[in-house]
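J.:
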Amino acid sequence: MGGCSARSARRPPWWRGPFCYGPNGGSKSKPKRSCRMTEPLPPLSSRARSLAAVGQASSWAIADEGLRRVAAGEDILLLTLGDPVCPPHPAIVAATKAGLDAGRTHYTPLHGEPALRSAIARTEGCEHGHVMVMPGAQHAGLAVLTLIVGEGDEVILSDPFYATYPGVVAATGATAVRVPARADLSTDIEAIAAAISPRTRCLFLNSPANPGGTALSPADYVRLSELCEQHNLWLVVDEVYSHFRFDGQDVRAWQHGPRGRTVSINSLSKSHAMTGYRVGWAIAPERLIAALGDWCAAALFGVCQFVQDAAVVALSLPDSELADYRLAFRNRATHVVARANALQGLSAAMPAGGMFVMLDCRGVEPDDQRFARRLLDEAQVGVVPGSGFGAGGRGHVRISLTPEVETLDRAFDRIAKFIPQA
Ligand SMILES: Cc1ncc(COP(=O)(O)O)c(C=O)c1O
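In the UniProt record's numbering, the protein residues as written are 1 to 422.
Written as structure tokens, this is what we have:
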């Protein structure tokens, strides 16, 4: 975007003021207001304090540092973020541009454009009326949890969990109860059953899971359904990696979870390499969809029209157009697991799905934070310490499968040289 100077001839009719607040500033800038503080200052809310107590930064500190050092010119191979490196399919980009050219830059219906709701309903195998369009799965999770839990309620997470979940729960005022996963990092449903208390309102799970790479089976859903019905609970499943099932199964919450109490959240971020578009959805019972409409009016006022147009095109692409992109993740997972298991002191299991491999580093260094730090400083490889995903991630580091196989190989060559000295 350009600055705002020398534009007077092309000023839009609504242009009034002499100042430009655009990202590049303007020819005149607003005089700075001196802002001497007077006591007492108004406090932040208890939600802000709960979020601060959970903290976000520590999980990502090494990943952030890696990004900064790469930007400063260091030769570091980053296996940190779950953000696909490739651009979206050209048809998606073309639809985005066409939407902008056609002036699709206005407000949208609160629940989403009808065409996109229908496309999502077809993809998910649900009714149009059960779809709520959201700016990404992250926001969908926050909105859903805010509408189903609050102060005094408990939300059960399987530990290790996606690193943002404790923050999502804290933002609702509820308490996260972390239930250890099994040794293979899969969700331990009997341990969840044992952790249910009179305050439990929701089981918040992720399948296929980040970081664990495990996935819920039809039998898991049978037991989860029994528990939800017996204790009157919601089952919320984050399915952003549903297109990345390496075991060939497609087991979705909406089909297998308990009727009337299941919510599935999903997005195009991973499935179509569209992280920056911020478009996703929740599939939920109608009474929650109505509440999500109220949420949207209060918090969002809809998702951009041209983004929703592009999302319709994304969901209309034939599977064959995305097969190579998705297959690449399975191939990279197989490759990384083989490379890891060939190294003394490291081990990894083939994930059932997702974009990550958890590398067990206990045979080299039991402290995953220290191992990740040393990989960054001494081997110039960036990974995410597993303990950032809960106690269940301890002794592991998370490897992202977003880089090409050649980059993953170079990273493992560096790790192989580093291991004997570690
Ligand atoms: C498990 C999980 N849920 C949600 C998200 C965020 O998805 P979105 O970009 O759709 O908000 C991520 C991103 O890494 C994720 O791993």
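Yeah, the Cβ is synthetic: ideal placement off N, Cα and C, and Gly gets one too.
(1) Just the Cα atoms here: how many angstroms apart are Thr-407 and Gly-66?
(2) Helix, strand or coil, according to DSSP, for His-396 in the structure here?
(3) Measure the alpha-carbon distance for Ala-323 versus Arg-122 and round it to whole angstroms.
(4) Where do the ends of the alpha helix (DSSP H) carrying Pro-135 lie?
(5) To which residues of the same chain is Pro-13 closer than 7 Å at the C-beta, ignoring the five residues directly before and after it?
(6) Taking only runs that begin and end inside the stretch 56-111, name each unbroken alpha helix (DSSP H) of 4 or more residues, in chain order.
(7) So who's on the other strand from Cys-296, going by DSSP bridges?
(8) Who are the Cβ neighbours of Ala-181 in its own chain at under 7 Å, not counting the five residues just before and after it?
(9) DSSP puts Ala-282 in a beta bridge; with which residues?
(10) Can you tell me whether Gly-22 is buried or exposed, with buried defined as 16 or more other CB within 10 angstroms of its CB?
(11) Under a Cβ-count criterion, where at least 16 other Cβ atoms within 10 Å of its own Cβ denotes burial, should Gly-167 be classed as buried or exposed?
(12) Could you tell me whether any non-hydrogen atom of ligand 1 is closer than 8 Å to the CB of His-139?
(13) Taking 8 Å as the line, does the beta carbon of Gly-393 fall inside it for any heavy atom of ligand 1?
(14) State the start and end residues of the unbroken beta strand (DSSP E) segment that holds Cys-202.
(15) Going by C-alpha distance, which of Gly-354, Thr-164 and Asp-360 is nearest Ala-342?
(16) Exposed or buried, which one is Pro-403 when buried takes at least 16 other CB atoms within 10 Å?
(17) Would Ile-415 pass as a contact of Ala-379 if the rule is Cβ separation under 9 Å?
(18) Given the structure, does Val-240 come close to ligand 1, in the sense that its CB is under 8 Å from one of the ligand's heavy atoms?
(19) Touch check for the stretch 141-154 and the stretch 346-363: three-plus C-beta pairs under 8 Å?
(20) What does DSSP give as the partner residue(s) for Met-358 in the beta ladder?
(21) At a threshold of 8 Å, does Tyr-162 count as lining ligand 1 (C-beta to nearest heavy atom)?
(22) Hey, Ile-92 and Thr-80: beta-carbon distance below 9 Å or not?
(23) Are Val-384 and Val-405 touching if we call contact CB-CB under 9 Å?
(24) Taking the alpha helix (DSSP H) that Ser-225 belongs to, which residues open and close that run?
(25) Rounded to the nearest angstrom, what separates Lys-417 and Arg-332 at their Cα positions?
(26) Reducing DSSP to helix, strand and coil, say where Ser-46 ends up.
(27) Answer yes or no: do Pro-109 and Gly-302 have a C-beta to C-beta separation smaller than 9 Å?
(28) Going by DSSP in three states, Leu-157 sits in which element: helix, strand or coil?
(29) Per DSSP, which one or two residues make a beta bridge with Pro-385?
(30) Give the secondary structure of Arg-252 by DSSP, where H, G and I count as helix, E and B as strand, and everything else as coil.
T.: Reading off the structure:
(1) If you number the sequence shown from 1, residue 407 lands on position 407. If you number the sequence shown from 1, residue 66 lands on position 66. Each residue's Cα considered, the two are about 15 Å apart.
(2) Locating residue 396 in the sequence shown gives position 396, counting from the first residue. His-396: strand per DSSP, three-state reduction.
(3) The residue labelled residue 323 in the question sits at position 323 within the sequence shown. The residue labelled residue 122 in the question sits at position 122 within the sequence shown. C-alpha separation (whole angstroms): 19 Å.
(4) Position 135 of the sequence shown, counting from 1, holds the residue named residue 135. Judged by DSSP secondary structure, Pro-135 falls outside any alpha helix (DSSP H); it is assigned neither H nor E.
(5) As a working mapping, residue 13 is identified with position 13 in the sequence shown. Reliability fails at Pro-13, whose pLDDT of 44 lies under 50, so the model's placement of it is uncertain and no value is given.
(6) Taking only runs of at least 4 residues, the alpha helix (DSSP H) segments lying wholly in the stretch 56-111 are 57-71 and 90-101.
(7) Start at 1 with the first residue of the sequence shown, and residue 296 comes out as number 296. In DSSP, Cys-296 forms no bridge with anything.
(8) For the purposes of this step, residue 181 is taken as residue 181 along the sequence shown, with counting starting at 1. Excluding positions up to five away in sequence, the list reads Ser-158, Asp-159, Pro-160, Thr-187, Asp-188, Gly-212 and Gly-392.
(9) Position 282 of the sequence shown, counted from the start, is the residue given in the question as residue 282. In DSSP, Ala-282 forms a bridge with Met-132 and Ile-265.
(10) Residue numbering aside, residue 22 sits at position 22 when the sequence shown is read from its first letter. Only weak support exists for where Gly-22 lies, its pLDDT of 38 falling under 50; the coordinates are left without a value.
(11) As a position in the sequence shown, residue 167 is number 167, starting the count at 1. A residue is called buried once 16 or more other Cβ atoms fall within 10 Å of its Cβ, and Gly-167 is buried on that count.
(12) Within the sequence shown, the letter at position 139 stands for residue 139. Yes, ligand 1 has a heavy atom inside 8 Å of this Cβ.
(13) Within the sequence shown, numbered from 1, the residue matching residue 393 stands at position 393. Result no, Cβ not under 8 Å from ligand 1.
(14) Walking along the sequence shown from the start, residue 202 turns up at place 202. Segment 200-206, the beta strand (DSSP E) holding Cys-202.
(15) Reading the sequence shown from its first residue, position 342 is the one you call residue 342. If we check each option's Cα against that of Ala-342, Asp-360 comes out closest.
(16) Indexing the sequence shown from 1 puts residue 403 at position 403. Counting C-beta atoms within 10 angstroms of its own C-beta, Pro-403 has 16 or more neighbours from the protein chains shown and is therefore classed as buried.
(17) What you label residue 415 is simply residue 415 of the sequence shown in a count that begins at 1. What you label residue 379 is simply residue 379 of the sequence shown in a count that begins at 1. Yes, these two residues count as a Cβ contact at 9 Å.
(18) For the purposes of this step, residue 240 is taken as the residue at position 240 of the sequence shown. A heavy atom of ligand 1 is found nearer than 8 Å to the CB of Val-240.
(19) In short, these stretches do not touch, since the Cβ pair count stays below three.
(20) One-based indexing of the sequence shown puts residue 358 at position 358. Met-358 is bridged to Arg-398.
(21) Reading the sequence shown from its first residue, position 162 is the one you call residue 162. True, at least one ligand heavy atom lies under 8 Å from that Cβ.
(22) Numbered from 1 along the sequence shown, position 92 holds the residue referred to as residue 92. Numbered from 1 along the sequence shown, position 80 holds the residue referred to as residue 80. At a Cβ-Cβ threshold of 9 Å, Ile-92 and Thr-80 do not count as neighbours.
(23) Counting from one through the sequence shown, the residue named residue 384 turns up at place 384. Counting from one through the sequence shown, the residue named residue 405 turns up at place 405. Taking 9 Å as the cut-off, the Cβ atoms of Val-384 and Val-405 do not count as close.
(24) Position 225 of the sequence shown, counting from 1, holds the residue named residue 225. Annotation for Ser-225: the continuous alpha helix (DSSP H) segment containing it runs 218-231.
(25) One-based indexing of the sequence shown puts residue 417 at position 417. One-based indexing of the sequence shown puts residue 332 at position 332. If I take the Cα positions, the gap works out to 21 Å.
(26) Mapped onto the sequence shown, residue 46 falls at position 46. Three-state result, Ser-46: helix.
(27) Taking the sequence shown and counting its residues from 1, one reaches residue 109 at position 109. Taking the sequence shown and counting its residues from 1, one reaches residue 302 at position 302. Going by C-beta atoms, Pro-109 is nearer than 9 Å to Gly-302.
(28) Sequence index remark: in the sequence shown, residue 157 carries index 157 (1-based). Taken through DSSP and simplified to helix, strand or coil, Leu-157 comes out as strand.
(29) Here residue 385 corresponds to residue number 385 of the sequence shown, with the count starting at 1. Paired residues: Val-397.
(30) In the sequence shown, residue 252 corresponds to position 252, counting from 1. DSSP, reduced to helix, strand and coil, places Arg-252 outside both helices and strands of the structure shown, so it counts as coil.
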